[in-house]
Amino acid sequence: MQQITQIAKQMVTMNGMSELGPWALTDPAAQSSDVVLRMLARNSMSEKLAEDIDSSVRDIIERAYEIVKEQIRNNREAVDKMVEVLLEKETLSGDEFRAILSEFTDIHVDKTDRTPVRELINA
Numbered sequence: 001m002q003q004i005t006q007i008a009k010q011m012v013t014m015n016g017m018s019e020l021g022p023w024a025l026t027d028p029a030a031q032s033s034d035v036v037l038r039m040l041a042r043n044s045m046s047e048k049l050a051e052d053i054d055s056s057v058r059d060i061i062e063r064a065y066e067i068v069k070e071q072i073r074n075n076r077e078a079v080d081k082m083v084e085v086l087l088e089k090e091t092l093s094g095d096e097f098r099a100i101l102s103e104f105t106d107i108h109v110d111k112t113d114r115t116p117v118r119e120l121i122n123a
């Protein structure tokens with residue numbers, strides 16, 4: 001949860017990826033290793049702007065959560081198969097993941113590697 005929050009906050013404050021506008025909203029001093037500079041930078045932002053940033057971050061996280069839930073619901077068979085294989089093997093390579101997923105949906109699979117799914121899973 002910390003990672004998604006950090007990514008969403010960077011999307012809003014550093015990359016301008018929100019309704020607040022296409023500009024950086026973070027003072028470079030906020031990234032400083034100097035504690036005093038970070039404290040001053042934190043206080044240079046209005047309460048309203050901080051609330052708007054928090055709201056935008058929350059909106060991004062909530063939208064992402066809804067997308068993930070929908071994807072899991074729509075791909076339940078594939079998720080269950082992944083769980084089954086992971087319980088057996090504990091880890092999957094990217095090729096194994098794509099091979100299993102390709103049993104349930106059309107995905108782009110590199111044409112150079114046509115190793116059968118069973119062979120990848122049993123490796």
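Taking the UniProt record's numbering, the leading residue of the sequence shown gets 1, the next gets one more, and so forth. In this text, a Cβ means the ideal position worked out from N, Cα and C, and glycines have one as well.
Next item on the list: Count the other CB atoms, across all protein chains shown, that sit within 10 Å of the CB of T5; report buried if there are 16 or more and exposed otherwise.
Entry: Translated into the one-based positions of the sequence shown, residue 5 becomes position 5. T5 is classed as exposed because its beta carbon has fewer than 16 other beta carbons within 10 Å across all chains shown.
Notebook entry, point to check: Is the number of C-beta pairs between the region 54-69 and the region 3-17 that are closer than 8 Å three or more?
Noted result: yes
Item checked: Endpoints, the alpha helix (DSSP H) within which E19 is located -> Translated into the one-based positions of the sequence shown, residue 19 becomes position 19. No alpha helix (DSSP H) holds E19; DSSP gives it neither H nor E.
Item checked: Element boundaries [alpha helix (DSSP H), containing F97] -> One-based indexing of the sequence shown puts residue 97 at position 97. Counting along the chain, the alpha helix (DSSP H) containing F97 begins and ends at G94 to S102.
Note to self: Please report the straight-line C-alpha distance between I61 and A8, rounded to a whole angstrom.
What the structure shows: Position 61 of the sequence shown, counting from 1, holds the residue named residue 61. Position 8 of the sequence shown, counting from 1, holds the residue named residue 8. In this structure, the straight-line span from the alpha carbon of I61 to that of A8 is close to 7 Å.
Next item on the list: Go ahead and pull the three-state DSSP assignment for L86.
Entry: For the purposes of this step, residue 86 is taken as residue 86 along the sequence shown, with counting starting at 1. In this structure, L86 counts as helix in the three-state DSSP scheme.
Margin query: I need the boundaries of the alpha helix (DSSP H) containing I72, first residue and last residue.
Written below: Stepping through the sequence shown from its first residue, residue 72 is reached at position 72. Note, I72: alpha helix (DSSP H), E47 to N74.
Next item on the list: Could you check how far apart the C-beta atoms of R100 and K81 are, in whole angstroms? I think they sit under 8 Å.
Entry: Residue numbering aside, residue 100 sits at position 100 when the sequence shown is read from its first letter. Residue numbering aside, residue 81 sits at position 81 when the sequence shown is read from its first letter. Contrary to the premise, residue 100 reads as Ile rather than Arg in this sequence. Right, their Cβ atoms sit about 5 Å apart.
Notebook entry, point to check: Just the Cα atoms here: how many angstroms apart are M17 and W23?
Noted result: As a position in the sequence shown, residue 17 is number 17, starting the count at 1. As a position in the sequence shown, residue 23 is number 23, starting the count at 1. If you take the alpha carbons of M17 and W23, they lie about 8 Å apart.
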